[in-house]
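>
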Amino acid sequence: MKSLALTLALASAAAVLAAPAPLRADAQAAIDGCIDQLRRVGGPDAQAGGTVLGQEWSQAGTLVRLRDAGGTVWECIGYDDGAVGSLRVVGAADDGGGAMAGAASPGGEQRIRFAAGTSGTQLSGTLAPGRSMRYVLGARKGQFLRVSVQSRGGALDYRIFNPDRSALLDLISSDKPYRGQLWQSGDHVVEVVNAGARPVSYDMGIGID
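With mature numbering (1 follows the signal peptide of the UniProt record, and there is no 0) as the guide, the letters of the sequence shown map in order to residues -18 to -1, 1 to 191.
This is the structure we're talking about:
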């Protein structure tokens, strides 16, 4: 009887150890925030939110990997309040011909930081059809933001959002530069949009006065 009781106790303990640990509430908030951000910036393939491939929680933030309906894999840093620190593409879908260096980006988000002693920077990219790229820049109320986008091989548009997600500049053609005063402090977003049917390359200048 003692042997049987010991066997049952060991089996019960093993079952408890084998059970998956419940997902932390703060990690779930980070995952939900990443999924919402993917829906906003990922284009048509991301409207369902994507499949969670994995997540790694730490006190500094939760690393979340997602795959959208088109097969593109995204990596996101989320926080326990649902905010998102970054979202970037880490694996584009294979079109059957294999991955190619320099292929058009399926979009995403990139934080802009200026080099020490400068107030602007130049960026280049190639945007896939139907995709957008969001550039996040921290700036203060009263400063002036300047943006220029020069497309190569097709037409692009861009728009600018305030930190509260209201529109600072509605969608305009990339051949029109922008310079305007900011009315809010925080992260402003410049979103470059390719509404066409083929990849388009571009050069973008962005700065603060």
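Cβ coordinates follow ideal geometry from the N, Cα and C atoms, glycine included.
Roughly how many angstroms lie between the CA atoms of ILE190 and LEU127, to the nearest whole one?
Counting from one through the sequence shown, the residue named residue 190 turns up at place 208. Counting from one through the sequence shown, the residue named residue 127 turns up at place 145. So the two alpha carbons sit approximately 5 Å from each other.
> Among residues of its own chain, excluding the 5 on either side of ASP50, which ones have a beta-carbon nearer than 6 Å to its beta-carbon?
Counted from its first residue, the sequence shown places residue 50 at position 68. These residues qualify, in order along the chain: GLY24, ASP27, ALA28 and GLY32.
> Please classify THR54 as buried or exposed, where buried requires at least 16 other C-beta atoms within 10 Å of its C-beta.
Here residue 54 corresponds to residue number 72 of the sequence shown, with the count starting at 1. Classification of THR54: buried, given that the 10 Å Cβ count is 16 or more.
> Would you mind giving the Cβ-Cβ distance between ARG141 and GLU91, rounded to the nearest angstrom? I have them listed as a contact below 8 Å.
Within the sequence shown, the letter at position 159 stands for residue 141. Within the sequence shown, the letter at position 109 stands for residue 91. Between GLU91 and ARG141 the Cβ distance is about 14 Å, and since that is not below 8 Å, they are no contact.
> What do you get for GLY60, buried or exposed, if any count of 16 or more other CB atoms within 10 angstroms of its CB means buried?
The residue given as residue 60 occupies position 78 in the sequence shown. By the neighbour-count rule (16 or more Cβ atoms within 10 Å), GLY60 is buried.
> Which word fits THR44, buried or exposed, when buried means at least 16 other C-beta atoms lie within 10 angstroms of its C-beta?
Counting from one through the sequence shown, the residue named residue 44 turns up at place 62. Buried, by the Cβ-count rule.
> Which word fits GLY15, buried or exposed, when buried means at least 16 other C-beta atoms lie within 10 angstroms of its C-beta?
The residue given as residue 15 occupies position 33 in the sequence shown. Its Cβ being crowded by 16 or more others within 10 Å, GLY15 is buried.
> In whole angstroms, what separates the C-alpha of GLN37 from that of GLY187?
Taking the first residue of the sequence shown as position 1, residue 37 is located at position 55. Taking the first residue of the sequence shown as position 1, residue 187 is located at position 205. If you take the alpha carbons of GLN37 and GLY187, they lie about 35 Å apart.
> What residue range does the beta strand (DSSP E) around ALA121 cover?
Stepping through the sequence shown from its first residue, residue 121 is reached at position 139. Looking at the DSSP string, the run of the beta strand (DSSP E) that includes ALA121 is 114 to 121.
> How about CYS58 and VAL46: are their beta carbons less than 7 Å apart?
Position 76 of the sequence shown, counted from the first residue, corresponds to residue 58. Position 64 of the sequence shown, counted from the first residue, corresponds to residue 46. Yes, these two residues count as a Cβ contact at 7 Å.
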